Amino acid sequence: MTDSCATPGLLTLEQALEQMLSALAQPKHYERLPLKRALGRVIYQDVTSKINVPSFRNSSMDGYALRSLDHQEGSLNVIATSWAGDPYRGKINQGECVRIFTGGYVPDDSDCVVMQENVTRHDQSIQVNQWPKATENIRNIADDTNKGQTLLTKGRDLSAADIGLLASCGIADVAVFKQLSVGFFSTGDELIAIGSQAKLGQIYDSNRYTLHALLEQAGISPIDMGVIPDNADAVEAALISASKKCDVIITTGGVSVGEADFITDVLGKIGNINLWKIAIKPGKPFVFGSINNASFFGLPGNPVSVMVSFHNIVLPALKKLMGYSTSQPAITLQAIAGDTIIKQPGRMEFQRGFAENINGEMTVKPTGNQGSHILSSMVKANCFIVLEQNSSTIEKGQQVTIQLLNTHL
Ligand code: AMP
Ligand code: MG
Numbered sequence: 145m146t147d148s149c150a151t152p153g154l155l156t157l158e159q160a161l162e163q164m165l166s167a168l169a170q171p172k173h174y175e176r177l178p179l180k181r182a183l184g185r186v187i188y189q190d191v192t193s194k195i196n197v198p199s200f201r202n203s204s205m206d207g208y209a210l211r212s213l214d215h216q217e218g219s220l221n222v223i224a225t226s227w228a229g230d231p232y233r234g235k236i237n238q239g240e241c242v243r244i245f246t247g248g249y250v251p252d253d254s255d256c257v258v259m260q261e262n263v264t265r266h267d268q269s270i271q272v273n274q275w276p277k278a279t280e281n282i283r284n285i286a287d288d289t290n291k292g293q294t295l296l297t298k299g300r301d302l303s304a305a306d307i308g309l310l311a312s313c314g315i316a317d318v319a320v321f322k323q324l325s326v327g328f329f330s331t332g333d334e335l336i337a338i339g340s341q342a343k344l345g346q347i348y349d350s351n352r353y354t355l356h357a358l359l360e361q362a363g364i365s366p367i368d369m370g371v372i373p374d375n376a377d378a379v380e381a382a383l384i385s386a387s388k389k390c391d392v393i394i395t396t397g398g399v400s401v402g403e404a405d406f407i408t409d410v411l412g413k414i415g416n417i418n419l420w421k422i423a424i425k426p427g428k429p430f431v432f433g434s435i436n437n438a439s440f441f442g443l444p445g446n447p448v449s450v451m452v453s454f455h456n457i458v459l460p461a462l463k464k465l466m467g468y469s470t471s472q473p474a475i476t477l478q479a480i481a482g483d484t485i486i487k488q489p490g491r492m493e494f495q496r497g498f499a500e501n502i503n504g505e506m507t508v509k510p511t512g513n514q515g516s517h518i519l520s521s522m523v524k525a526n527c528f529i530v531l532e533q534n535s536s537t538i539e540k541g542q543q544v545t546i547q548l549l550n551t552h553l
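Heads up: the sequence shown is residues 145 to 553, going by our numbering.
Here it is as structure tokens:
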């Protein structure tokens with residue numbers, strides 16, 4: 145890795161993540177939830193099956209259960225039916241078969257099932273037109289999962305498939321890490337609430353809505369704590385009070401080196417705080433630390449900086465605090481630049497891009513103005529184009545890395 149510290153005080157994203165993740169502890173508390181309430185929650189301990197699935201041999205087709213050794217017989221008598229949920233438990237003798245439906249119990253004497261399409265049915269007998277091989281169309285015991293097998297491991301979030309798998313093993317509830325309580329504020333005297341009339345110099349507070357949505361996407365029920373004015377006493381009071389209620393506090397704005405950016409001074413007084421300059425664009429200034437027992441993340445104010453910092457810095461940290469076992473990096477793909485992508489060396493960039501498959505090749509183009517205040521180019525984007533710190537302008541046709549947005553977090 146090339147070291148960014150040619151510019152004093154500038155951390156690479158990797159260094160910032162490393163420092164931050166090593167300072168954060170995995171959670172300890174858990175709760176047991178019924179499956180229907182567990183989607184997206186992080187598993188607290190490995191889950192083991194107490195049964196085999198399937199627990200009995202059953203048919204994968206509608207057809208007839210046979211003995212393959214009878215393949216010389218001209219026709220077979222249909223002696224019973226094995227319905228799904230209503231098994232035939234009797235014997236099958238030479239020259240006999242059993243009507244069976246998908247999921248039906250395969251009688252012990254039978255070693256294959258012929259699909260109904262491959263027989264000619266007469267009254268109470270069938271003629272097999274195409275004999276199945278032994279074991280054909282039978283789902284064996286434990287084909288899916290074994291008794292004693294680890295079904296799901298600690299530290300992964302429950303997907304719809306996970307929940308289905310647990311249900312198939314008769315498991316009704318699952319131990320998951322307790323939910324993080326995450327409170328967030330905006331800071332800035334220029335911010336007004338949606339619904340009020342903006343005076344000159346005022347803007348609507350959009351970050352609070354973006355952050356709320358980003359946190360919800362991450363499976364967190366966030367606590368919106370409002371706006372803190374640019375005033376040291378107000379910042380101090382709000383953050384101390386939040387630190388008593390929340391595991392995590394997130395703010396936006398007030399972390400750059402501007403006149404009103406005293407938030408870091410206040411934080412230095414009431415908590416344990418690091419002001420970082422991270423070599424990424426957008427999103428360079430970032431505050432990380434703690435106030436009482438709460439972890440603190442201070443994001444820049446510009447709306448796109450909020451999104452980039454959230455995805456690349458805050459989310460890996462939240463995942464550790466939520467109990468995820470690894471901080472899975474965002475999924476990246478390679479794509480061909482469909483346009484020139486302008487960049488100066490110096491900082492890693494996350495440019496807003498739109499990627500699509502053109503003639504079988506993943507192609508990406510920037511979505512327009514890359515200013516950190518431009519949300520409309522973020523809206524057009526389905527990925528970030530990730531440009532390494534020392535790279536410069538990418539010419540059309542060159543390969544770049546992209547990070548898909550709105551995928552599973
Ligand atoms: P700051 O980091 O506080 O200097 O803010 C940087 C830029 O982001 C300024 O143009 C702010 O007006 C803008 N900004 C700060 N907070 C918000 C917010 N909650 N919603 C929208 N824009 C904001
Ligand atoms: Mg501000």
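Note that beta-carbon positions come from the ideal geometry of N, C-alpha and C, so glycine has one too. Bear in mind that the values here come from a model prediction, so they are computed numbers and not experimental data.
Proximity test, residue i beta-carbon vs ligand 3 heavy atom, cut-off 7 Å
i	result
residue 349	Ligand 3 is absent from the structure shown, which contains only ligand 1 and ligand 2.
Residue i classed as buried or exposed, judged by whether at least 16 other C-beta atoms fall within 10 angstroms
i	result
residue 243	buried
residue 164	buried
residue 453	buried
residue 541	exposed
residue 552	Confidence in residue 552 is poor, its pLDDT being 38 and thus under 50, which makes the residue's placement unreliable; the coordinate value appears in the next sentence. With fewer than 16 other Cβ atoms within 10 Å, it is exposed.
residue 513	exposed
residue 507	buried
residue 294	exposed
residue 176	exposed
residue 266	exposed
residue 304	exposed
residue 154	buried
residue 321	buried
residue 408	buried
residue 146	Caution applies to residue 146, whose pLDDT of 42 falls short of 50 and renders its modelled position unreliable; the model cannot decide the point.
residue 173	exposed
residue 525	buried
Whether residue i touches residue j by CB criterion (8 Å)
i	j	result
residue 179	residue 288	no
residue 182	residue 307	yes
residue 410	residue 419	no
residue 610	residue 481	An answer regarding residue 610 cannot be provided, because it is not within the stretch 145 to 553 covered by the chain.
residue 214	residue 239	yes
residue 397	residue 330	yes
residue 423	residue 533	yes
residue 435	residue 486	no
residue 185	residue 301	yes
residue 281	residue 226	no
residue 448	residue 518	yes
residue 528	residue 543	no
residue 292	residue 192	yes
residue 170	residue 464	yes
residue 345	residue 389	no
residue 324	residue 364	yes
Residue range of the beta strand (DSSP E) that includes residue i
i	result
residue 368	367-372
residue 269	269-272
residue 303	Unbroken run through residue 303: none, as it is neither H nor E.
residue 431	429-435
residue 208	207-210
residue 498	492-502
residue 221	220-226
residue 547	543-548
Closer than 7 Å: residue i CB and nearest ligand 2 heavy atom
i	result
residue 397	yes
residue 409	no
residue 445	yes
residue 156	no
residue 537	no
residue 354	no
residue 507	no
residue 374	yes
Residue i Cβ short of 7 Å to ligand 1 heavy atom set
i	result
residue 400	yes
residue 359	no
residue 334	yes
residue 517	yes
residue 405	yes
residue 365	no
residue 340	no
residue 330	yes
Limits of the alpha helix (DSSP H) - the one that residue i falls within
i	result
residue 174	Element bounds for residue 174: not the alpha helix (DSSP H) but the beta strand (DSSP E), 174-178.
residue 447	447-453
residue 462	459-466
residue 357	351-361
residue 409	407-414
residue 469	Element bounds for residue 469: n/a, residue is neither H nor E.
residue 158	157-167
residue 388	376-389
residue 523	520-523
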